[in-house]
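> Following the numbering used here, the numbering of the sequence shown begins with 52 at its first residue and continues without gaps. In this text, a Cβ means the ideal position worked out from N, Cα and C, and glycines have one as well. Here it is: the structure, laid out below.
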Amino acid sequence: MNGAAGEPESAPQSVLVVGRTLHEPFNEGTRVIGRNLALSAARSGHHAQIISLSEPGYADAAEVGGVPLHHVVRRPTRSPLGDYRAVPALAAAVRSAAAAGPVNRIHLIGVPLMLAAGVRRQGRTIVNHVVLHAAETGLPATDRLREMLGWRVADRWIDGHAATSETVRAALENDGWNRAKLSVLEPAIDTDRFLRRTAEAHAPGTLRILYVGNIAPERFPAADVVLMLEGVAARSSLRLQLDVFAPITFRRDNAQWAARFPRSATVEVSVHLEDLTEQRKVEVYSGADVALYPFTRPVAVEPPLTILETMACETVPVVTAPANRSAIVEDGRTGLTCRDRAALGTALERFAGLSPAERAAMGHAAREAVVRRFGFGSIASDTELLWRRLDRAGGRMRGRR
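Spelled out as structure tokens, the structure:
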């Protein structure tokens with residue numbers, strides 16, 4: 052793993068990623084971030100393992116991408132304690148994984164932070180990954196309370212908090228999190244896997260539009276989007292085709308939103324309730340000309356991984372400001388941006404007016420931007436720098452608030 056300029060490469064480390072539902076299907080942000088953290092470490096020569104607080108029925112895989120995968124099954128419960136009941140079992144799994152030798156790094160993502168107290172002796176450095184800000188993202192009050200209590204109680208056993216974006220880091224600092232422990236470690240995207248493939252031929256004069264993700268109104272205001280598309284279709288000679296792909300296994304509410312999806316006489320609208328495998332995702336992204344992400348407010352992990360995957364596959368994204376808080380889309384170069392959903396029609400018409408060569412150039416620039424900023428090599432270097440900084444700080448930071 053390459054370090055900063057002028058620094059030698061790091062000796063192999065033992066890395067343990069402990070997270071919630073780090074198993075197939077990998078179609079949600081936190082799962083992808085945790086899985087890719089382990090994969091990027093393994094590809095850089097480190098000994099990586101994953102411990103997953105897994106849903107019943109998904110605890111059969113023993114590895115993912117060559118990285119050993121250990122499961123702790125989370126039994127369904129209505130208790131407000133939720134995943135906290137699994138902390139002793141998770142701690143036991145960490146101790147078991149560390150039995151073969153010392154673990155240098157433990158990364159926690161999406162699990163109760165009190166776990167840090169139970170595994171402090173197993174990890175030289177413990178990092179807590181924060182992928183969103185509960186209040187900004189509109190999570191229920193119970194989740195906001197858990198976020199607040201979690202870091203306040205467990206902070207003394209954690210060496211650093213790695214936010215996946217500057218916007219999340221700033222929000223946490225504003226909430227009172229220890230500024231000295233906060234850093235930014237953006238998510239890794241497997242750009243070797245997410246790569247544009249040859250798509251099936253489609254009817255000439257058709258503009259293929261894509262959306263991937265949850266379809267609750269704050270993420271995809273379907274009625275407004277379809278109405279906007281009908282307006283674009285009325286002013287254009289193009290035939291518009293909208294394909295929406297929404298996960299279902301862990302988001303049952305998507306079935307309810309799909310049942311209410313508006314129909315259109317002028318725009319071909321198809322809603323697919325499907326847990327996309329990553330190979331299938333690549334097919335879906337590659338089959339589209341343009342992708343819409345019309346968020347009305349921050350509602351996803353930051354930055355939204357579906358947008359990064361879209362760009363890696365050279366499909367041009369059209370995003371509202373709430374979907375582009377990390378400035379991953381540069382207007383006119385790597386995609387098109389607009390203030391809000393009211394301006395989506397204008398942005399889409401801008402795209403429709405581009406020549407095939409201009410569309411291809413924008414898609415190519417989008418991929419280059421993701422590879423450079425979010426590819427495994429870049430994030431591995433950023434992770435290495437974080438480790439070294441925490442190593443230098445050592446135990447001095449523990450217990451400081």
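Do A167 and I102 come within 8 angstroms of each other at the CB atom, strictly closer than that value?
no
> Nearest to V341 by CA position, among L387, T81, D134 and A142, is which residue?
L387
> Would you tell me roughly how many angstroms separate the C-alpha atoms of G282 and L291, rounded to the nearest one?
Here the C-alpha atom of G282 lies approximately 11 angstroms from the C-alpha atom of L291.
> With 16 other CB atoms within 10 Å as the buried threshold, where does A297 fall?
buried
> If you check the beta carbons only, do T328 and P76 fall under 8 angstroms apart?
yes
> Suppose you measure from the CA of A214 to the CA of S65; what does that come to, to the nearest Å?
The C-alpha of A214 lies about 22 angstroms from the C-alpha of S65.
> To the nearest angstrom, how far is the alpha carbon of G338 from that of T257?
12 angstroms
> Does the distance from the C-beta atom of Q173 to that of A149 stay below 8 angstroms?
yes
> If you check the beta carbons only, do A93 and G70 fall under 8 angstroms apart?
no
> On a Cα-Cα basis, can you pick out the residue from A239, V352 and F427 that is closest to E187?
Ranked by Cα distance from E187, the first of A239, V352 and F427 is V352.
> Starting from G201, follow its DSSP beta bridges and name the residues at the other end.
Answer by DSSP bridge pairing: none, since G201 is not bridged.
> Return helix, strand or coil for A137, following the three-state DSSP convention.
helix
> Determine the burial state of L293: buried for a count of at least 16 other Cβ atoms within 10 Å of its Cβ, exposed for fewer.
buried
> Please say whether G211 and L441 have beta carbons closer to each other than 8 angstroms?
yes
> In angstroms, rounded to a whole number, what distance separates the CA positions of L236 and P139?
28 angstroms
> Measure how close the beta-carbons of M362 and R424 come, nearest whole angstrom, since I'm counting them as under 8 angstroms.
Not confirmed; about 10 angstroms, so no contact.
> Taking the C-alpha atoms as reference points, what is the distance between S288 and D111?
51 angstroms
> How about H180 and L200: are their beta carbons less than 8 angstroms apart?
no
> Taking the beta carbon of N225 as the centre, do at least 16 other beta carbons fall within 10 Å, making it buried, or is it exposed?
exposed
> Please go through the segment 361–398 and give each complete beta strand (DSSP E) segment of 3 or more residues, from N-terminal end onward.
367–371 and 387–389
> So the alpha helix (DSSP H) D241 belongs to, where does it begin and stop?
Careful: D241 lies outside any alpha helix (DSSP H) and carries neither H nor E.
> Suppose the cutoff is 6 angstroms on Cβ atoms and the five residues either side in sequence are ignored; what does the same chain contact list for A444 look like?
none
> Quick check on G169: does DSSP put it in helix, strand or coil?
helix
> Tell me whether the beta-carbon of G169 lies closer than 8 angstroms to the beta-carbon of V350.
It is not a contact, given that the beta carbons lie outside the stated cut-off.
> Please work out which residues of its chain come closer than 6 angstroms, Cβ to Cβ, to A56, disregarding the five sequence neighbours upstream and downstream, and give them in chain order.
Note that A56 has pLDDT 40, beneath the 50 cutoff, so the model's placement of it is unreliable and the number below is only indicative. None.
> Assign E459 to one of three DSSP states: helix, strand, or coil.
The requested residue 459 does not occur in the structure, where the chain is confined to residues 52 to 452.
> Quick check: the segment 301–316 against the segment 264–280, are at least 3 beta-carbon pairs closer than 8 angstroms?
yes
> Among S377, S321 and M279, which residue has its Cα nearest to the Cα of A221?
It is S377.
> Determine the contact status of V182 and T81, defining contact as a CB-CB distance below 8 angstroms.
A distance below 8 angstroms separates the beta carbons of V182 and T81.
> Look at A284 and V320 and say whether their C-beta atoms are less than 8 angstroms apart.
no
> Could you spell out the range, first to last residue, of the alpha helix (DSSP H) harbouring S337?
Secondary structure note for S337: its alpha helix (DSSP H) is the uninterrupted segment E329 to S337.
> Whole-angstrom Cβ separation of F346 and T385, contact assumed at under 8 angstroms?
About 18 angstroms separates the two Cβ atoms, so there is no contact after all.
> Let me know if E435 comes out buried or exposed under the rule of 16 or more other beta-carbons within 10 Å of its beta-carbon.
buried
> Taking just the CA atoms, how far does A254 sit from E79?
32 angstroms
> Let's test the definition: count the other Cβ atoms within 10 Å of the Cβ of H323 and tell me whether it reaches 16, buried, or not, exposed.
Flag for H323 reads exposed.
> Looking only at its chain, what residues have a beta carbon closer than 6 angstroms to the beta carbon of A231, apart from the 5 residues adjacent to it on each side?
Within the same chain, no Cβ atom closer than 6 angstroms to the Cβ of A231 is found once the five residues on either side in sequence are excluded.
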